[in-house]
Amino acid sequence: MTIAHDDINIDTNRHVVGTMTMAAALNRALADAIQEDPGVVVFGEDVGALGGVFRITDGLAERFGEDRCFDTPLAESGIIGTAVGMAMNGMRPVVEMQFDAFALPAFEQVVSHVAKLGNRTRGGVRMPIVIRIPFGGGIGGVEHHCDSSEAYYAHTPGLTVVAPSTPQDAYSLLRAAIASPDPVVFLEPKKLYWSKGEVDTSITADLGTARVVREGTDVTVLAYAAMVPVALEAAEIAASEGRSVQVIDVRSLSPFDDATVTAAVRGTGRAVVVAEAPGYVSVAGEIQARVFERCFEYLEAPVRRVTGFDTPFAPPKLEHWYLPDADRILDAIDSLHWDDEPAEGAAR
Amino acid sequence: MQHDDLLPRDTPVALIDEHGAAVADERYAMPDDDTLLRAYRGLVEGRRINDQAYALVRQGRLAVYPSSHGQEACQVGASLVLGEHDWLFPTYRDSVAVIGCGVSPADAMVLLKGDWHSGYDPAEHRVAPQATPLATQLLHAVGFAQAAKHRGEDTVVLALCGDGATSEGDFHEAMNFAAVFHVPVVFFVQNNEFAISVPLSRQTAAPSLAHKAIGYGMPGQRVDGNDVAAVLAVLGEAVERARSGGGPSLIEAHTYRMQAHTNADDDTRYRERDEVKAWVARDPLSRMRAHLLSRGLLDDAAEERLAAGAESIASALRDALNTDADLDPEDLFRFVTADRSTQLEEQWQLLRGEIERSSLTDAGGHR
Numbered sequence: 059m060t061i062a063h064d065d066i067n068i069d070t071n072r073h074v075v076g077t078m079t080m081a082a083a084l085n086r087a088l089a090d091a092i093q094e095d096p097g098v099v100v101f102g103e104d105v106g107a108l109g110g111v112f113r114i115t116d117g118l119a120e121r122f123g124e125d126r127c128f129d130t131p132l133a134e135s136g137i138i139g140t141a142v143g144m145a146m147n148g149m150r151p152v153v154e155m156q157f158d159a160f161a162l163p164a165f166e167q168v169v170s171h172v173a174k175l176g177n178r179t180r181g182g183v184r185m186p187i188v189i190r191i192p193f194g195g196g197i198g199g200v201e202h203h204c205d206s207s208e209a210y211y212a213h214t215p216g217l218t219v220v221a222p223s224t225p226q227d228a229y230s231l232l233r234a235a236i237a238s239p240d241p242v243v244f245l246e247p248k249k250l251y252w253s254k255g256e257v258d259t260s261i262t263a264d265l266g267t268a269r270v271v272r273e274g275t276d277v278t279v280l281a282y283a284a285m286v287p288v289a290l291e292a293a294e295i296a297a298s299e300g301r302s303v304q305v306i307d308v309r310s311l312s313p314f315d316d317a318t319v320t321a322a323v324r325g326t327g328r329a330v331v332v333a334e335a336p337g338y339v340s341v342a343g344e345i346q347a348r349v350f351e352r353c354f355e356y357l358e359a360p361v362r363r364v365t366g367f368d369t370p371f372a373p374p375k376l377e378h379w380y381l382p383d384a385d386r387i388l389d390a391i392d393s394l395h396w397d398d399e400p401a402e403g404a405a406r
Numbered sequence: 234m235q236h237d238d239l240l241p242r243d244t245p246v247a248l249i250d251e252h253g254a255a256v257a258d259e260r261y262a263m264p265d266d267d268t269l270l271r272a273y274r275g276l277v278e279g280r281r282i283n284d285q286a287y288a289l290v291r292q293g294r295l296a297v298y299p300s301s302h303g304q305e306a307c308q309v310g311a312s313l314v315l316g317e318h319d320w321l322f323p324t325y326r327d328s329v330a331v332i333g334c335g336v337s338p339a340d341a342m343v344l345l346k347g348d349w350h351s352g353y354d355p356a357e358h359r360v361a362p363q364a365t366p367l368a369t370q371l372l373h374a375v376g377f378a379q380a381a382k383h384r385g386e387d388t389v390v391l392a393l394c395g396d397g398a399t400s401e402g403d404f405h406e407a408m409n410f411a412a413v414f415h416v417p418v419v420f421f422v423q424n425n426e427f428a429i430s431v432p433l434s435r436q437t438a439a440p441s442l443a444h445k446a447i448g449y450g451m452p453g454q455r456v457d458g459n460d461v462a463a464v465l466a467v468l469g470e471a472v473e474r475a476r477s478g479g480g481p482s483l484i485e486a487h488t489y490r491m492q493a494h495t496n497a498d499d500d501t502r503y504r505e506r507d508e509v510k511a512w513v514a515r516d517p518l519s520r521m522r523a524h525l526l527s528r529g530l531l532d533d534a535a536e537e538r539l540a541a542g543a544e545s546i547a548s549a550l551r552d553a554l555n556t557d558a559d560l561d562p563e564d565l566f567r568f569v570t571a572d573r574s575t576q577l578e579e580q581w582q583l584l585r586g587e588i589e590r591s592s593l594t595d596a597g598g599h600r
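Order-wise, the sequence lines are chains G and Z. Take the first sequence: its letters are residues 59 to 406, numbered as in this note's numbering. Take the second sequence: its letters are residues 234 to 600, numbered as in this note's numbering.
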């Protein structure tokens, strides 16, 4: 392995416990899956010798051979379409779509075949395919490199869609995605690739579940992917102002964990949904609607959304205006019909 | 491989001419008598199935049927060249090939009848679900063959498409992947001259569709698609080359769709009747029949037996399609994913409630 890990220990059960970046955690998950299951193959554009443009597949081709990790021709539909055939013939393909918007030429294969073949064949054919897509902004990327496409996938029946926000979840959710008999669109927040956190490879995560990140009693902030750290930052500031903010990492966009989210919002009576994708017809809007339907009698205020604007993703020098930040979340929280409304224009 | 070896012939390979006479060929041998008789039986049965299905559309028992009347030699050839472990990746127009691989006619029509999206288990007959989007299944075929090669199996995959599909991006990507990874796939294009209403001249400016192969670095060949003997010989050679590690190839069959695209299509708007009539003389059945009769391989008694066999297949198809399947509405939710999500379970409970209420009221609607 050529990925540099800091502070890695191997415990007596051969599980890795240590601090690593999300990129390293993803790399570790791929390596462990390739090693444990001979059916797992990793392929895509530049994933071999280069190790991927974000180095997520670093060292895999070298370590496991070109049979298990290989470069394809530059053709996204070809990558997904051949993965369909491999899955039909008993393999577990894990493919990389280099950037979110680059996955669009493969959209027909994803929607018409990956998502539907199990259903079309009444379960006779399953599609244990993982489609890894680096997504979202915050890295100063130019046009077509920073889109948030999750609504397209989450809108498609048959696809499981998850997005981790920590190295631990990146590891655990990717292992669960590869083990799943169903196709998983695995959205990797580019902005968090280099964020560090504790990873214990013995910890598992169930697809389809949300995670309570921070306990709080006044308001629930529902976020996912790169917006989770932003929500946590807002929660810290709110705490200093005397408001207790609960933060939930939705992490599974489809299926959606209504049980966890409903219980949380009923507990606080207020909710804000945060996502960087455009808000119109979005996952954030879907979450908002579900919370309204299930928690209406418990709500003290309308559920608010904090999202990216309904514009194409911003150019690098404008993206800080586009992306939701802690202030925008705090403003939304402030608007939730508090009994102790702060004075208009109060300094923060 | 030399470039010359990748180029198709100037004229399509034919082993039996339009009058039934054998044509000598330096490269492709006439199939043996048993194979020719099996192929002829396939043609007779395939024609009967096509005609029966067409009638069932008119009677409202099939929602739609894309007929392969006139293309039976391609369909029968495709099903007969495959070995025990080989796979077929068909399109919506390839029902006769699907049936040739062992799927019952009634099961092959489930998609077209509207009972479900596919009526058979792909693994049972080694036939992928019939694809409706154009050319997408060609990539599935390539991936399937890659997996077989990865495991060291000698499976060959035969992928079917029409002339219109060759304009799609997935056609290009499939050819390119197959050649780059040198996988055992045979691409078989049934060029029937029209993509619904649009003629071949609007699909390509290439000398032929088979000429596209050289651009990918694989051999291409053209075959008379109404000559089942030639289809068997050319496809058979390509399948054996793939099996022995020779990689992919592209075969273009020159044939003609004798009927409209489907029942929803009016083909008088885009082609002259004289053109259609001209192809009657090149019919794959009459040509093969003349050949077999001239060689004494067929007589009246054998023909009657074949006709009776085809009639019983048609009769069974009629019976099956005149029976309404007992459809379970829970199937809507059952196969979406391996494990049913809470959301889908809630939706099923909603529908179940509606069904229970409607069974209590005559109108079945809101009370």
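Virtual Cβ for every residue (Gly too), placed ideally from N, Cα, C.
Separation of the CB atoms of Val418/Z and Ala475/Z is rounded to 7 Å, and the pair is thereby assigned contact status at 8 Å. For Arg86/G, no Cβ of chain Z is located within less than 8 Å of the residue's own Cβ.
Identification of residues in the segment 345-360 of chain Z having a C-beta nearer than 7 Å to some C-beta of chain G yields Trp349, His350, Ser351, Asp354, Pro355 and Ala356, given in sequence order. Using beta-carbon distances, Ala159/G does not count as an interface residue toward chain Z, since no partner is under 8 Å. In the three-state scheme derived from DSSP, where H, G and I count as helix and E and B as strand, Ile236/G is classed as helix.
In its chain, beyond the 5 residues on either side, Pro323, Ala341 and Val360 have a beta carbon closer than 6 Å to the beta carbon of Val331/Z.
Beta-bridge analysis with DSSP links Arg362/G to Val330/G.
Below the 8 Å Cβ cutoff, chain G contributes Pro131, Ala133, Ser135, Gly136 and Gly139 as neighbours of Glu406/Z, in chain order. Boundaries of the alpha helix (DSSP H) around Gly279/Z: Asp266 to Arg291. Sequence-distant Cβ neighbours of Gly376/Z in its own chain, meaning closer than 6 Å and more than five residues away, do not exist here. For Leu315/Z, the nearest beta carbon of chain G is not closer than 8 Å to its own beta carbon.
Taking each of Asn425/Z, Asp266/Z, Thr556/Z and Arg567/Z in turn and checking the Cα distance to Gly293/Z, the smallest one comes out for Thr556/Z. For Lys254/G, the secondary structure class from DSSP, reduced to helix, strand or coil, is strand.
Taking C-alpha positions only, Ala356/Z is separated from Glu426/Z by approximately 32 Å. The residues Ala209, in chain order, have a CB closer than 8 Å to that of Val339/G in the same chain once the five nearest residues on each side in sequence are set aside.
Taking a beta-carbon distance threshold of 8 Å, Pro362/Z counts as an interface residue toward chain G. At a beta-carbon threshold of 7 Å, none of the residues of chain Z lie near Val220/G; the nearest stands roughly 13 Å away.
Comparing alpha carbon positions, the residue from Ser482/Z, Val467/Z and Leu518/Z closest to Glu251/Z is Leu518/Z. Straight-line spacing of the CA atoms in Pro247/G and Thr326/G works out to 28 Å. C-alpha of Ser548/Z to C-alpha of Gln363/Z: approximately 23 Å in a straight line. In terms of beta-carbon proximity, Val375/Z lines the interface with chain G, with at least one pair separated by less than 8 Å. Chain Z places no beta carbon closer than 8 Å to that of His378/G, leaving this residue out of the contacts.
Contacts with chain G at 8 Å (Cβ-Cβ) include Gly402/Z. Runs of the alpha helix (DSSP H) spanning 4 or more residues and lying entirely within the segment 306-348 of chain Z occur at 328-333, 338-341 and 343-346, in chain order. Within the DSSP bridge table, the entry for Ser482/Z names Val419/Z as partners. Annotated three-state conformation of Gly176/G is helix, per DSSP. Taken in chain order, the complete beta strand (DSSP E) segments of 3 residues or longer contained in the segment 348-433 of chain Z are 390-395 and 418-424. Beta-bridge analysis with DSSP links Gln454/Z to Ile484/Z. For chain Z, the residues of the segment 295-323 of chain G that bring a beta carbon within less than 9 Å of one of its beta carbons are Ser312, Pro313, Phe314, Asp315, Asp316 and Ala317, in chain order. For Cys353/G, the enclosing alpha helix (DSSP H) begins and ends at Val341 to Cys353. Of all residues in the segment 172-189 of chain G, those with a C-beta nearer than 8 Å to a C-beta of chain Z are Lys174, Leu175, Gly176, Asn177, Arg178, Thr179, Arg180, Gly181, Gly182, Val183 and Arg184, reading in chain order. Inter-residue distance for Phe404/Z and Leu530/Z is about 40 Å (C-alpha atoms, whole angstroms). Within 8 Å of the CB of Met155/G, no CB atom of chain Z is found; the nearest one sits about 14 Å away. For Met149/G, the C-beta contacts it makes with chain Z under 8 Å involve Ala380 and His383, in order along the chain. Lys382/Z counts as buried, since no fewer than 16 other beta carbons sit within 10 angstroms of its beta carbon. Excluding its 5 nearest sequence neighbours in each direction, Pro245/Z has C-beta neighbours in its own chain below 7 Å: Arg455, Val456, Asp457 and His487, listed in chain order.
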